[in-house]
Amino acid sequence: MTYKFSPSSLSLLKECPRCFWLRFNKNIKRPDTIFPSLPSGMDKILKEHFDRFIEKGELPPELQELNGEVTLFDDKELLQVWRNNFKGIQWTDDKGNVFMGAVDNILKIEDKLIVLDYKTRGYALKEDTHKYYQDQMDIYNFLLRNNGYQTEDYTYLLFYHPNKIDENGSVDFHADLIKIKINVKNAENIFKRAVDVLEGEMPEPSDECGFCKWIYECNCEMK
Ligand code: SF4
0 MTYKFSPSSL
10 SLLKECPRCF
20 WLRFNKNIKR
30 PDTIFPSLPS
40 GMDKILKEHF
50 DRFIEKGELP
60 PELQELNGEV
70 TLFDDKELLQ
80 VWRNNFKGIQ
90 WTDDKGNVFM
100 GAVDNILKIE
110 DKLIVLDYKT
120 RGYALKEDTH
130 KYYQDQMDIY
140 NFLLRNNGYQ
150 TEDYTYLLFY
160 HPNKIDENGS
170 VDFHADLIKI
180 KINVKNAENI
190 FKRAVDVLEG
200 EMPEPSDECG
210 FCKWIYECNC
220 EMK
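First residue of the sequence shown? That's 0 in numbering that gives the first Met the number 0, and the numbers climb one at a time after it.
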């Protein structure tokens, strides 16, 4: 049996290996929950905004501190594929398992690529906010390198959060650009662990999630 993984499905492995195992081996998925649509809407208009600057050969205002250092990746056709959630950047291991990820944007310094990801949140950044995205960014860089591209050993997260409403009623968003070091070995370890977990017995429930314990107690009560 072979598997296809994305960064979001692999984040489930971190949360609870049992839920991950059930999803891939038994096709038992967590129930859908209401998902805020603001981040998807922001992603769409940000891609359009950045594409206008690709056409002009300039950096958008949010990236002015990188002016003269980087350029926007300008192969729009390839970027369309890499952004596509069903295609993205893919790599297949020697067992036939597929690992994929869809990026938001790419910057360039000569032949080296730098992944840029947009994040929308409700409030200003905390000191450790960027840490939640380390695995995702490591995975993107691992995929690019395994497709023959050189990447810098860092990446950028561009956070937006609502700042104020101006006089004509438009909401102003504040942008923070955060540079983080990447570790492709971390991505490789995540992939190996994902396959090892799925090829093994069903793992124990996570200590941090009480639902499996709750179901067990409900079943006992009902007998
Ligand atoms: S412990 Fe929670 S997250 Fe893990 S399998 Fe049970 S319900 Fe899913």
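No residue lacks a Cβ here, since even glycine has one placed at the ideal position from N, Cα and C.
The region 60-72 in contact with the region 32-40 per 3-pair CB rule at 8 angstroms: Taking 8 angstroms as the limit for Cβ pairs, the verdict is that the region 32-40 does not touch the region 60-72.
Under DSSP, the alpha helix (DSSP H) around Val196 begins and ends at which residues? Unbroken alpha helix (DSSP H) run through Val196: 183-198.
Looking at the unbroken beta strand (DSSP E) that takes in Phe158, where does it start and where does it end? Start and end: 153-164.
Identify the continuous beta strand (DSSP E) that holds Leu112 and give its terminal residues. Where Leu112 is concerned, the enclosing beta strand (DSSP E) starts and stops at 111-119.
Straight-line Cα distance separating Lys180 from Glu14: Distance between the alpha carbons of Glu14 and Lys180 is about 23 angstroms.
Can you give me the C-alpha to C-alpha distance between Leu279 and Asn104, rounded to a whole angstrom? This structure cannot speak to residue 279, because the chain is shown only from 0 to 222.
Own chain partners of Tyr2 with C-beta closer than 8 angstroms, once the 5 adjacent residues on each side are dropped: So the qualifying residues of the chain are Phe23, Asn96, Val97, Ala193, Val194, Leu197.
Please tell me whether, using a cut-off of 7 angstroms, the distance from the CB of Arg22 to the nearest non-hydrogen atom of the ligand SF4 is below it. Result no, Cβ not under 7 angstroms from the ligand SF4.
Going by DSSP, which residues form a beta bridge with His173? Answer is His160, bridged to His173.
Does the region 164-179 come into contact with the region 206-215, if we say contact requires no fewer than three beta-carbon pairs (one atom in each stretch) closer than 8 angstroms? With the cut-off at 8 angstroms, the region 164-179 and the region 206-215 do not touch.
Spatial neighbours of Phe141 within its chain, please: CB distance less than 7 angstroms, with the 5 preceding and 5 following residues excluded, ordered by chain position. Answer for Phe141: Val183, Ala186, Glu187, listed in chain order.
Residues with C-beta closer than 5 angstroms to any heavy atom of the ligand SF4, in chain order: Working through the chain, the matches are Cys15, Arg17, Cys18, Pro204, Ser205, Cys208, Phe210, Cys211.
Within a Cβ cutoff of 7 angstroms, which residues of the same chain sit near Asn146, ignoring the five residues on either side of it in sequence? Excluding five sequence positions before and after Asn146, the CB atoms of its chain that fall closer than 7 angstroms to its own CB belong to Ile88, Trp90, given in chain order.
Do Pro202 and Pro16 have their C-beta atoms within less than 8 angstroms of each other? Pro16 sits close to Pro202, with the two beta carbons spaced by under 8 angstroms.
Terminal residues of the alpha helix (DSSP H) in which Phe85 lies: For Phe85, no alpha helix (DSSP H) encloses it, and the DSSP letter there is neither H nor E.
Alpha carbon to alpha carbon, how far is Gln149 from Met221? Gln149 and Met221 have their C-alpha atoms spaced approximately 58 angstroms apart.
Report the CB separation of Ile113 from Tyr155 in whole angstroms; it is logged as a contact under 8 angstroms. Contact between Ile113 and Tyr155 holds, with the beta-carbon distance rounding to 6 angstroms and staying under 8 angstroms.
Name the DSSP bridge partner or partners of Thr70? Answer is Lys107, bridged to Thr70.
Straight-line Cα distance separating Leu71 from Lys111: Each residue's Cα considered, the two are about 12 angstroms apart.
Using DSSP's beta-bridge definition, name the partner residues of Ile44. None; Ile44 has no bridge partner.
Indicate whether Phe190 and Asp92 have their beta-carbon atoms separated by less than 8 angstroms. Cβ distance < 8 angstroms, so Phe190 and Asp92 count as in contact.
Leaving out five residues on either side along the sequence, give the residues of the same chain with a beta carbon under 8 angstroms from the beta carbon of Leu12. Only Phe19, Ile189, Arg192, Ala193, Val196 meet the Cβ criterion.
On the criterion of 16 or more Cβ atoms from any shown chain inside 10 Å, does His129 qualify as buried, or is it exposed? So His129 ends up on the buried side.
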